Amino acid sequence: MRTIKELNKKKVPVVRIDETLDKYNDVVLFPEKVAQANEMLRKVGLPKEKNDQTSISK
């Protein structure tokens, strides 16, 4: 087992990625929530993009 000081000196993150989770890449886990979000976007739309150039020139 490595000590915490040894792990902190490393530049590589200490994370193990579980490859078995790849089966969920193309699966919608919460279809009701996705449908609700799509309906809200259809009604309300996306927020207006803020243009910082106009506020600077004033």
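One rule links them: number in my numbering = place in the sequence shown (from 1) + 279. The beta carbon of each residue, even a glycine, is placed where N, CA and C say it ideally should be. Everything numeric in this text was worked out from a predicted model, so none of it was measured.
Collapsing the DSSP output to three states places E318 in a helix.
Apart from the 5 residues on each side of it in sequence, V307 sits with its Cβ closer than 8 Å to the Cβ of V313 in its chain, given in chain order.
Separation of L320 and E328 (C-alpha to C-alpha, rounded to the nearest whole angstrom) is 15 Å. One Cα belongs to K302, the other to E311, and the distance between them is close to 20 Å. Rounded to the nearest whole angstrom, the CA to CA distance from P292 to R281 is 14 Å.
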